[in-house]
Amino acid sequence: MKYTHSFIMLHAFSMKPSDMIYYKKYLERIIPKNIKINYIYPKAPIRKITCYDNDKYNAWFDYINEEVENIDGEINKKHLIEQCSKIHDILDKEVKIHNGDYSKLFLLGYSQGACMALDAGLSYSNKIGGIIGFKGHINRDIDEYFKTKQDIWVTHGEKDTTIKLKVAEEYYDKYKKKGCNIEFLKQSNANHDAYSGIRRQIKSLKIWLDRKFIY
């Protein structure tokens, strides 16, 4: 099969790559049949998480402490940059399949995976097709590594108690001012669960993707 695009699907904290098939199923409902996607499912390392008494989880990076009162928590910056580099390597590999056309590459993530998708895309040297983030945010630690103004579609719920809306919104506003094209869907009744608000999210995402794909 000849693929027209590549989607790198990044799972959430403590989850596994196969959990992202949930989003693949929704994407397949809204993407035309002539668009052939190569879905790639990287796996986060198993690592000790400091704020959880060093218990081990699948995690892109360690949480030193959790978010408190709309203030972003501290993470292990070294882990973040290492994982960004690994995702960049995947992008570098995939672009060869598409004859050097970076517009065929997309990053998609949920929760911590959305954080990784955003951070990896913003620190990448080339503009890609786009970044899709479900209920994550841009980590402040990526600021000094910011390289490319990307096109971004993101969503968040006002009832999210895992990653507060204010934390996500603050950094989306910041990166809009840096020149990124960010479409931000806020939902008053959505929480952090993947299924919460998903139907409206997919409708919004379809409109965004329709502008991205050349049919």
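Residue numbering for the sequence shown follows this note's numbering, starting at 4 and increasing by one per position.
Note that beta-carbon positions come from the ideal geometry of N, C-alpha and C, so glycine has one too.
Since the model is a prediction, treat every value here as computed from it, not as a measurement.
Contacts around residue i, its chain only, beta-carbon distance under 7 Å, and the 5 residues preceding and following it disregarded
i	result
G182	K152
Y218	Note on Y218: pLDDT 42, under 50, position unreliable in the model; the coordinate value appears next. Same-chain partners within the cutoff: P35, N37.
D144	I78, K80, L83
Residue i: first and last residue of the uninterrupted beta strand (DSSP E) it sits in
i	result
D58	58-61
H159	154-160
Residue i to residue j span [Cα, whole Å]
i	j	result
E85	Q115	15 Å
A117	I201	15 Å
E172	S207	18 Å
M119	W63	7 Å
G160	P20	23 Å
S1	E77	Coverage of the chain is limited to positions 4 through 218, which leaves residue 1 absent and any answer about it impossible.
I67	L212	36 Å
I205	Y29	7 Å
Cutoff 6 Å; reference residue i; Cβ partners in own chain excluding five residues on either side
i	result
Y174	H140, I141
T7	I38, K39
I135	L111, W156
F149	L125
A47	N61, A62, W63
A15	Y113, S114, Q115, G116
F216	I38
Bridge partner(s) assigned by DSSP for residue i
i	result
I67	For I67, which the question treats as bridged, DSSP gives no partner whatsoever.
M12	L111
L188	T158
I78	Y66
I43	I11
G136	G112, V157
R50	Y60
Residue i: first and last residue of the uninterrupted alpha helix (DSSP H) it sits in
i	result
Y178	168-180
I201	201-215
Any non-hydrogen atom of the ligand HEM closer than 7 Å to residue i Cβ
i	result
E31	As for the ligand HEM, it is missing from this structure, which has no ligand bound.
Same chain, Cβ closer than 8 Å to residue i, five either side skipped, listed in chain order
i	result
D65	R50, K51, I52, T53, I78, N79, H82
Residue-chain proximity (residue i, chain B), Cβ-Cβ < 8 Å
i	result
N79	Checking the listed chains, one finds no chain B in this structure; it contains a single protein chain.
Presumed contact (8 Å Cβ cut-off) between residue i and residue j, rounded CB distance
i	j	result
H91	A123	7 Å
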